[in-house]
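Peer 1: In the UniProt record's numbering, the protein residues as written are 1 to 87. Cβ atoms here follow ideal geometry from the backbone N, Cα and C, with glycine treated the same way. Let me give you the structure first, and then I'll get to my questions.
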Amino acid sequence: MLLSSDGTRTPGTAALFAEPARKGGTPPWAGDFRPANSAGNGPKNAVGKTFTLELPDGSTGKVVVQGLKSGKGGVVLALMGEDAPPF
Numbered sequence: 001m002l003l004s005s006d007g008t009r010t011p012g013t014a015a016l017f018a019e020p021a022r023k024g025g026t027p028p029w030a031g032d033f034r035p036a037n038s039a040g041n042g043p044k045n046a047v048g049k050t051f052t053l054e055l056p057d058g059s060t061g062k063v064v065v066q067g068l069k070s071g072k073g074g075v076v077l078a079l080m081g082e083d084a085p086p087f
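Laid out in structure tokens, this is it:
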């Protein structure tokens with residue numbers, strides 16, 4: 001689920017991954033978010049905006065939408081994590 005600052009909730013599926021940690025830093029993480037069919041193409045004008053990603057277990061993480069990809073399966077939002085990974 002993607003949560004916007006105004007409280008709008010966008011249901012969908014996330015595929016997340018962590019990259020190797022850099023010296024002394026928080027390991028970077030990223031992923032993709034595919035809005036559920038009922039959510040259409042997801043949040044409007046999302047590129048460059050920060051959202052809260054909520055996982056099924058209730059953990060959350062801040063993400064910035066880096067870009068949109070569209071294909072046969074619909075629209076996918078490319079995400080970049082801002083804090084420690086929520087997984």
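Who pairs with Lys49 in a beta bridge, going by DSSP?
Peer 2: Here the question's residue 49 lines up with position 49 in the sequence shown. In DSSP, Lys49 forms no bridge with anything.
Peer 1: Count the other CB atoms, across all protein chains shown, that sit within 10 Å of the CB of Phe17; report buried if there are 16 or more and exposed otherwise.
Peer 2: Your numbering for residue 17 matches position 17 in the sequence shown. By the 10 Å Cβ count, Phe17 comes out exposed.
Peer 1: Exposed or buried, which one is Pro86 when buried takes at least 16 other CB atoms within 10 Å?
Peer 2: Residue mapping note: residue 86 aligns to position 86 of the sequence shown, counting from 1. Buried.
Peer 1: Helix or strand or just coil, what does DSSP make of Glu14?
Peer 2: Here residue 14 refers to the residue found at position 14 of the sequence shown. One detail in the question is off: residue 14 reads as Ala in this sequence, not Glu. Looking at Ala14 - three-state DSSP - the assignment turns out to be strand.
Peer 1: I need the straight-line Cα distance from Val47 to Asp57, nearest angstrom please.
Peer 2: In the sequence shown, counting from the first residue as 1, residue 47 sits at position 47. In the sequence shown, counting from the first residue as 1, residue 57 sits at position 57. Straight-line Cα distance between these residues: approximately 26 Å.
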